[in-house]
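Student:
What follows is the structure, encoded as structure tokens:
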């Protein structure tokens, strides 16, 4: 039959009556077979769907029974408590005051299961941080781009879900007040850490609730979030007692004009972030009793150095300044300072060298740009320095500058250097003993981190670096500490693949902790511990 139709399949000729009848018979027979196949397919699909449904039901049932064998069911409640406390909310470092501390953490744990809810709600430490989070945008901003909706329900119905109206007319204050009440109740008699945003949460209902527990205030962070604000605008004047337990205060983006710090007799830690400091507040700050002070880009209306000279009990200091402080030539003595961080937008080596820090153990210099100086911004006399962390963007160092700096600190155990053209071949050689040397540099060194841009171009040799690493990872000299970690950071544009490969092979062959990376990944300030 198909042979009789081959000529028609290969042309556009009209079929003869007999050929037409033949084609119709073929189509009827094919349609019958097609219907039979479709029926078979439908039956198979129905069977497959039924099997898949049974498979899903059985999988779900098995998963439920597997939960009974879950290892977490065997963890004692005491261990779960320790895990919860490990992730408990805490205030962020000074560099990130505006980042919420995720204090809704205990409520989130309570939504997992009854057991977790019981544990989380019974741990008072989880509720001792009262942080309402970053305030929402004003309603006008939230409505931008939302569909026009002018019916009566738009103005009368209560908000739900993420409706921007939820943040208007006190709804957010009611929710915040409920959370604050829970925290105050569930935290028991523990000391409280508070982070308060001035809008929209700095309102009387919240403050009244918090002030009833002012005797438990331990840490206070005030952040302006829109509109002019000064702490004196807080209605704290209605409360007459002193804040006896309050030891840590941080202000961010504020104008402090008359905040009575004298009502905080136990204040020991103060952070000022983008704060305006007039003479009045300068006089009321108990500088001499502070043990920790952090300042970030503040505007001074009085002498900075006069305040710094009163920090005689300071143990930890962090300064992030965009303008170099005025200098009067006289040194500033910080006799008890052990940990210091200086972050300058421009170069200020003279200021650092004007500080006398005889007890200093940890020093970080970061983001300084030296265009006209050739000396490193390190103190002239800090003989007990153990950790030195230098990151400088631009510098014109003179030969031997690093060598002269390291000679001052014989107790160094950790050094990080990311500064251009400061390490010479001689500096590396001074880290191992040779005939021409009277003494080694940093004999107690255990951790060394360097960037490839720190090596003076065409002035350092691979064999010198290799000999130093061999002599430090396997010391033979008495009194010389064993190097525990060496890290080299290389830029993407630098052609140092041969060095990094050789370092990896050297570490692998001897099982030494030698690391390489494409970008400097040096410890953050809060990771440099005493």
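In my numbering, the protein residues as written are 1 to 530. We put the CB at the ideal spot given by N, CA and C, even for glycine. In this text the structure is predicted, and so the values were computed from the model without any measurement.
#1: So the alpha helix (DSSP H) residue 344 belongs to, where does it begin and stop?
#2: Residue 473 lies in the beta strand (DSSP E); which residues open and close that run?
#3: Entirely within the segment 385-449 and at least 4 residues each: give me those alpha helix (DSSP H) ranges in chain order.
#4: Work out the CA separation of residue 125 and residue 113 for me, nearest whole Å.
#5: Is the beta carbon of residue 419 sitting closer than 9 Å to the one on residue 387?
#6: What is the DSSP secondary structure of residue 458, counted as helix, strand or coil?
#7: Closer than 8 Å: is that where the CB of residue 44 sits relative to any heavy atom of the ligand ZN?
#8: Indicate whether at least one CB of chain D lies closer than 9 Å to the CB of residue 131.
#9: Would residue 331 pass as a contact of residue 354 if the rule is Cβ separation under 9 Å?
#10: Taking the alpha-carbon of residue 219 as reference, which of 185, 356, 264 and 179 has the nearest alpha-carbon?
#11: Specify the secondary structure class of residue 292 as computed by DSSP and reduced to three states.
#12: Which of the three DSSP states is assigned to residue 10 in this structure?
#13: Out of curiosity, what's the CA-to-CA distance linking residue 475 and residue 486?
#14: Measuring straight from C-alpha to C-alpha, what distance separates residue 11 and residue 5?
#15: Under a Cβ-count criterion, where at least 16 other Cβ atoms within 10 Å of its own Cβ denotes burial, should residue 301 be classed as buried or exposed?
#16: With a cut-off of 8 Å on the beta carbons, I'd call residue 129 and residue 89 a contact; round off their distance for me.
#17: To which residues does DSSP link residue 299 through a beta bridge?
#18: Mind checking whether residue 131 and residue 195 have CB atoms under 9 Å apart?
#19: Between 409, 519 and 22, which has its C-alpha nearest residue 379's C-alpha?
#20: When you compare only the Cα positions, how much space is there between residue 289 and residue 326?
#21: Check whether the Cβ atoms of residue 322 and residue 297 sit closer than 9 Å, and answer yes or no.
#22: Which value, in whole angstroms, describes the spacing of the CA atoms of residue 518 and residue 471?
#23: Taking Cβ positions, are residue 291 and residue 277 nearer each other than 9 Å?
#24: Using DSSP with H/G/I as helix, E/B as strand and the rest coil, what is residue 499?
#25: Straight-line CA distance for residue 455 to residue 214?
#26: In whole angstroms, what separates the C-alpha of residue 140 from that of residue 173?
#27: Is it the case that the Cβ atoms of residue 498 and residue 461 are separated by a distance below 9 Å?
#28: Assuming the contact rule is C-beta atoms closer than 8 Å, residue 432 and residue 423 should be a hit. Round their C-beta distance to whole Å, please.
#29: Going by alpha carbons, who is nearest to residue 450 out of 262, 18, 399 and 421?
#30: List the endpoints of the continuous alpha helix (DSSP H) containing residue 36.
Tutor: Short version:
#1: Run containing residue 344: none in the alpha helix (DSSP H); it sits in the beta strand (DSSP E), 339-344.
#2: First-last for residue 473: 462-473, but that is the alpha helix (DSSP H), not the beta strand (DSSP E).
#3: Runs found: 401-406 and 425-429.
#4: About 20 Å.
#5: Cβ atoms of residue 419 and residue 387: not closer than 9 Å.
#6: Reduced to three states, the DSSP call for residue 458 is coil.
#7: With respect to the ligand ZN, the structure shown offers nothing to examine, as it has no ligands at all.
#8: This model lacks chain D altogether, as it is built from one protein chain only.
#9: Result yes, Cβ atoms of residue 331 and residue 354 sit closer than 9 Å.
#10: It is 264.
#11: Three-state DSSP puts residue 292 in a strand.
#12: In the structure shown, residue 10 sits in coil (DSSP, three-state: anything other than H, G, I, E or B).
#13: Distance between the alpha carbons of residue 475 and residue 486: 15 Å.
#14: Computed Cα separation, rounded: 10 Å.
#15: Residue 301 comes out exposed.
#16: Contact flag correct, Cβ pair sits at about 4 Å.
#17: According to DSSP, residue 299 shares a beta bridge with 276.
#18: Yes, the Cβ-Cβ distance between residue 131 and residue 195 is below 9 Å.
#19: Per the Cα distances, 409.
#20: Their backbone Cα atoms lie some 24 Å apart in a straight line.
#21: Contact flag set, yes.
#22: If you take the alpha carbons of residue 518 and residue 471, they lie about 26 Å apart.
#23: Contact: no.
#24: Three-state result, residue 499: helix.
#25: Residue 455 and residue 214 have their C-alpha atoms spaced approximately 55 Å apart.
#26: Caution applies to residue 140, whose pLDDT of 33 falls short of 50 and renders its modelled position unreliable; the value that the coordinates give is listed next. Distance between the alpha carbons of residue 140 and residue 173 is about 18 Å.
#27: Not a contact, by the Cβ cut-off of 9 Å.
#28: That belief does not hold up - the Cβ atoms of residue 432 and residue 423 are roughly 14 Å apart, past 8 Å.
#29: Here the closest residue by C-alpha is 421.
#30: Segment 17-68, the alpha helix (DSSP H) holding residue 36.
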